[in-house]
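As they're listed, the protein sequences go chains A and B. In this text, residue positions in the first sequence follow numbering that gives the first Met the number 0: the first is 0, and each later residue adds one. In this text, residue positions in the second sequence follow numbering that gives the first Met the number 0: the first is 0, and each later residue adds one. From the three backbone atoms N, C-alpha and C, an ideal C-beta is built for every residue, glycine too. Okay, structure first, notes after.
Protein chains: 2
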Amino acid sequence: MHDINLEDGDILAKQKELAKKNEDKLNQHGVNAVNVMGAIGSGKTALIVAIYEKIKDNYRMGAVAGDVAGTDDYDRFEVAGIEAYNLNTHSDCHLDAHLVDHSLESMPLDDLDLLFVENVGNLVCPADFPLGTDREVVVISVTEGEDMVRKHPKIFSQTDIVAINKVDLAEAIDVDPEVPKKDYEEINPHGRAIFTNATEARGIDELVEALELDSI
Amino acid sequence: MHDINLEDGDILAKQKELAKKNEDKLNQHGVNAVNVMGAIGSGKTALIVAIYEKIKDNYRMGAVAGDVAGTDDYDRFEVAGIEAYNLNTHSDCHLDAHLVDHSLESMPLDDLDLLFVENVGNLVCPADFPLGTDREVVVISVTEGEDMVRKHPKIFSQTDIVAINKVDLAEAIDVDPEVPKKDYEEINPHGRAIFTNATEARGIDELVEALELDSI
Chain A
0 MHDINLEDGD ILAKQKELAK KNEDKLNQHG VNAVNVMGAI GSGKTALIVA IYEKIKDNYR
60 MGAVAGDVAG TDDYDRFEVA GIEAYNLNTH SDCHLDAHLV DHSLESMPLD DLDLLFVENV
120 GNLVCPADFP LGTDREVVVI SVTEGEDMVR KHPKIFSQTD IVAINKVDLA EAIDVDPEVP
180 KKDYEEINPH GRAIFTNATE ARGIDELVEA LELDSI
Chain B
0 MHDINLEDGD ILAKQKELAK KNEDKLNQHG VNAVNVMGAI GSGKTALIVA IYEKIKDNYR
60 MGAVAGDVAG TDDYDRFEVA GIEAYNLNTH SDCHLDAHLV DHSLESMPLD DLDLLFVENV
120 GNLVCPADFP LGTDREVVVI SVTEGEDMVR KHPKIFSQTD IVAINKVDLA EAIDVDPEVP
180 KKDYEEINPH GRAIFTNATE ARGIDELVEA LELDSI
């Protein structure tokens, strides 16, 4: 079981405390970390791999593959040559700071400069759980429909970089990618929305720049 | 806040009790109910509308639009002429039996034969919360990738009808819809996977038949 309603400040405080511990640990090892959230199939893994291809000579990069079950994303990271850790939540719809700490314990942090933490695929639960990363990115696919931002205001209001992915499919499915972009900019005026297509490396330079990383 | 880990049999028992109450209430009013689950953008609303078009002369049909926020799906049901109720969960990643009971209280159950309950868009949380419906359907979109069943074994193992939607896009995005179909049939040998495309009404007759409904 999981996912019980609790308006419980103590639990949020505990999560923040655990997240702070991760942040301190990552800082001690000089690792810059990014929490990548988004629905299933939005293209999180493919975008992380595309970023890796742009920066791999400048950073020693690792990735945590968060999923309810299976090793599909972990396998993709491995194939791409990324130092990866598979993190299955079993029934949970999000990572939390404690789970991430487990993966940090198993990764060679001293050999890394940069760590992408790919969250479990949905736009609801990950919004409430800080992990101790330096940055957050939300990936949405145009195939999810024009209304995905309006349906999930919380996660978009607190995330400063949004990749609107698979833009090459927008016309075929009659979705205007400007709609979620506009909705996002209304919810989060300081945020930056970037049109991407991981398979053709479209928008990846912009994404790398928004993350303040240096391309090759 | 929401979504706290609790291996708590009491909570599951309570949810089952509330679901049983809904079931009894629906039965008293002669309403057949279907819980429709699936990720955001999988096409749940469009499929429900496509089913409605096939059966509307035979059944008085209603729909509950479950979403974290907004009225996008509710508006679509209204435009299609379906008696609809908007059910926002605010921060919850699923409907539960208590929330559904609220919507039942507001709907004209005596004027309905059939009720579709569209759950919040993700494949993790709704799996754990029985609503008291007679049937469950999971909708997946081929755009979510070939691995969506492997990543969410729980929901597929307990759901007997799966619509693999947007099959018209499969070739363009290089996804083989036979892969999730095969994964599903392995996890759930009694289940039925149906290839659908809501916008062209492909597979809707099969879906109607699987739900044991009569087409026009």
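Does any residue of chain A have a CB that is nearer than 9 angstroms to the CB of residue i?
i                 : result
GLY190 of chain B : no
LYS153 of chain B : yes
VAL119 of chain B : yes
With a threshold of 9 angstroms between beta carbons, is residue i in contact with chain B?
i                 : result
ARG149 of chain A : yes
LYS53 of chain A  : no
LYS165 of chain A : yes
ALA83 of chain A  : no
ALA68 of chain A  : yes
VAL137 of chain A : no
VAL178 of chain A : no
Just to make sure I have the definition right: I need the residues of chain B whose C-beta is within less than 7 angstroms of the C-beta of residue i. Which are they?
i                 : result
GLU143 of chain A : ILE39 and GLY40
Which residues in the same chain as residue i place their Cβ atom closer than 7 angstroms to its Cβ, once the five residues preceding and following it in sequence are excluded?
i                 : result
ALA18 of chain B  : ALA96, PRO129, LEU130 and GLY131
ILE10 of chain B  : none
LYS153 of chain B : ALA126
ALA79 of chain B  : VAL48 and TYR51
GLY144 of chain A : VAL174
VAL137 of chain B : MET36, GLY37, ILE154, PHE155, THR158 and VAL161
GLN14 of chain A  : ASP95, ALA96, PHE128 and PRO129
Going along chain B in order, which residues have a C-beta closer than 8 angstroms to the C-beta of residue i?
i                 : result
SER140 of chain A : GLY40 and THR142
ALA171 of chain A : LEU168 and ALA171
Are the Cβ atoms of residue i and residue j separated by less than 9 angstroms?
i                 : j                 : result
ASP182 of chain B : VAL148 of chain B : yes
ALA45 of chain A  : THR198 of chain A : yes
ASN121 of chain B : ILE39 of chain A  : yes
ARG134 of chain A : LEU25 of chain A  : no
VAL123 of chain A : SER90 of chain B  : yes
ALA192 of chain B : GLU185 of chain B : no
Interface residues of chain A around residue i at Cβ under 9 angstroms?
i                : result
ASP71 of chain B : GLY144, GLU145, ASP146, ARG149 and LYS150
Mind listing the chain A neighbours of residue i? Cutoff is C-beta to C-beta under 7 angstroms, in chain order.
i                 : result
LEU122 of chain B : ILE39
Using a C-beta to C-beta distance shorter than 8 angstroms, which residues of chain A count as neighbours of residue i?
i                 : result
ALA209 of chain B : Within chain A, no residue comes near ALA209 of chain B; the closest Cβ sits about 23 angstroms away, beyond 8 angstroms.
Might you give, ordered along the chain, the residues of its own chain that have their beta carbon closer than 8 angstroms to the beta carbon of residue i, omitting 5 neighbours on each side?
i                 : result
ALA169 of chain B : VAL141, ASP175 and PRO176
ASN196 of chain A : ASN164, LYS165, VAL166, ASP167 and GLY202
THR88 of chain B  : GLY65, ASP66, VAL67, LEU94, LEU98 and VAL119
ASP204 of chain B : LYS53 and SER214
If you drop the 5 nearest sequence neighbours on each side, which residues of the same chain put their C-beta closer than 6 angstroms to that of residue i?
i                 : result
LEU212 of chain A : ILE54
VAL178 of chain B : GLU145
GLN43 of chain B  : As written in the sequence, residue 43 of chain B is Lys, which differs from the Gln given in the question. So the qualifying residues of the chain are VAL35, GLY37, GLU117 and VAL138.
LEU108 of chain B : HIS28 and VAL30
CYS92 of chain A  : VAL119, ASN121 and CYS124
Please find out if some non-hydrogen atom of the ligand NAD comes closer than 8 angstroms to the beta-carbon of residue i.
i                 : result
ALA192 of chain A : Only the bare structure without any ligand can be found here, which leaves the ligand NAD out of the picture.
Closer than 9 angstroms, CB to CB, is residue i near chain C or not?
i                 : result
VAL123 of chain B : The structure shown contains no chain C; its protein chains are A and B.
Does the structure place the segment 83-96 of chain A close enough to the segment 57-65 of chain A that three or more beta carbon pairs sit under 8 angstroms? yes
The segment 109-125 of chain A / the segment 22-42 of chain A touching (three or more Cβ pairs under 8 angstroms): yes
Below 8 angstroms, can you find three or more Cβ-Cβ pairs linking the segment 169-178 of chain B to the segment 20-28 of chain B? no
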